[in-house]
Amino acid sequence: MERKKIAGIIDIITVDDAATIRALAADERVDRDFKFRPLYNGFILKRVLRALSYKGAHFPHMTTKEDAIRKEHHDSLWEQFNANVSAMANGPDELEPLAKWIRQETTEQEAGVLVQQIIGRFFSADFKATPDSWQAALILHEAAGSKNLPKMLWWRLTGKVQYAKKLLGVVTNDNLLAIHGIAVAAHNLVATAGRLKSFYADESLRKTLTPETAVEQSLSAPPVVYRQALADGAAAGCPYSKSTLFLLKLQDANRNHQAKDMIFMTGTWSRCPAEQWIPAVIAGTWKRAIGT
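See below:
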């Protein structure tokens, strides 16, 4: 855990230890009720929230614990995703395009459009991913995390990010949950697909890797999630102040797959509602890829 603090300027704690992240996730004084202070914290949060919002509403993973709409959507999605787990784990036809990509039997250069199609179709049977919709997702991803200030300023002046969100709104019929799925959650599944592709290229792994092991070896946590202190407190012996911004580096905390609960924030109020569905998609895709 590393803290950078200059009074009135910056107060950020970066955490890459799983035990400390768990403690912070259970801490009532830590939430996603973001305040734009101190100065540099506010700069970071404004940039992130500007990218991860749509028509005045923050994306689900940037809303507070007690937000009533977040709770309702979270519980509903949890049930909907779980109802579809068995079907996906069996490897339905809709996973074949991604399985072909893993087997290198397609001209598709990257998995982004294919992954978007799987996620988008969960929200609407009529959803159609395109290279443009995937490019829009890449733009939002970069806008939320880039440190290239001149580029971000240019994008803001030209409306590049707003145009990307408008396009995503069109293909999802302005469904904020679907936009989050195809523009945020999709990136981790794309990374997972890349690992499955490398597994398939290794003939010995291809013959021996079970769907369950393929899931275990290919899943990874998001690089970072944001939290902010509502009041003074302490974590792992390190004090924090009201408005301290926490950068929780989930991917680093899950080094060598030793903290798998970091992947979906299992057991916390902010757990991913697709916690069981995503592994089912991976297992089903691997089954189709290896022909079982």
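Numbers 37 to 328, taken from this note's numbering, label the letters of the sequence shown in order.
We put the beta carbon where it would ideally sit given N, CA and C, even for glycine.
{"Check": "Beta-bridge partners of Lys41, as assigned by DSSP", "Outcome": "Asp47"}
{"Check": "Residue interval of the beta strand (DSSP E) (run including Leu284)", "Outcome": "281–284"}
{"Check": "Contact belief for Ala219 with Leu204 at Cβ below 8 Å, rounded distance in angstroms", "Outcome": "6 Å"}
{"Check": "Residue nearest to Tyr199 in terms of C-alpha spacing, selected from Arg73, Asp69, Lys91", "Outcome": "Lys91"}
{"Check": "Assigned exposure category for Asn77 - 16 Cβ within 10 Å defines buried", "Outcome": "buried"}
{"Check": "Distance CB(Lys323)-CB(Pro275) smaller than 7 Å", "Outcome": "no"}
{"Check": "Proximity of Arg332 and Met98 at Cβ, strictly below 7 Å", "Outcome": "Residue 332 is absent from the structure shown; the chain starts at 37 and stops at 328."}
{"Check": "Three-state secondary structure assigned by DSSP to Ser89", "Outcome": "strand"}
{"Check": "Nearest-angstrom beta carbon gap, Val84 and Phe282 [assumed within contact, 8 Å]", "Outcome": "Contact flag wrong, Cβ pair sits at about 13 Å."}
{"Check": "Straight-line gap, Ala172 to Pro74 (C-alpha atoms, nearest Å)", "Outcome": "31 Å"}
{"Check": "Where Pro309 falls: helix, strand or coil (DSSP)", "Outcome": "coil"}
{"Check": "Uninterrupted alpha helix (DSSP H) stretches inside the region 140–166 (no shorter than 4 residues)", "Outcome": "148–159"}
{"Check": "Backbone CA spacing between Pro167 and Lys107 [nearest angstrom]", "Outcome": "32 Å"}
{"Check": "Three-state secondary structure assigned by DSSP to Val66", "Outcome": "strand"}
{"Check": "N- and C-terminal bounds of the alpha helix (DSSP H) containing Gln253", "Outcome": "247–254"}
{"Check": "Lys101 to Leu88 span [Cα, whole Å]", "Outcome": "17 Å"}
{"Check": "For Pro275, the first and last residue of its enclosing beta strand (DSSP E)", "Outcome": "274–276"}
{"Check": "Three-pair Cβ contact test at 8 Å for the region 238–257 versus the region 311–320", "Outcome": "yes"}
{"Check": "For Lys71 and Gly44, the rounded distance between their alpha carbons", "Outcome": "13 Å"}
{"Check": "Length of the line joining the Cα atoms of Ala165 and Trp137", "Outcome": "16 Å"}
{"Check": "Val84 in three-state terms, based on DSSP", "Outcome": "helix"}
{"Check": "Rounded separation between Asn290 and Thr142 - CA only", "Outcome": "32 Å"}
{"Check": "Whole-Å CB distance - Arg65 paired with Ala267, under 8 Å assumed", "Outcome": "5 Å"}
{"Check": "Strand pairing of Gln264, partner residues [DSSP]", "Outcome": "Asp67, Leu281"}
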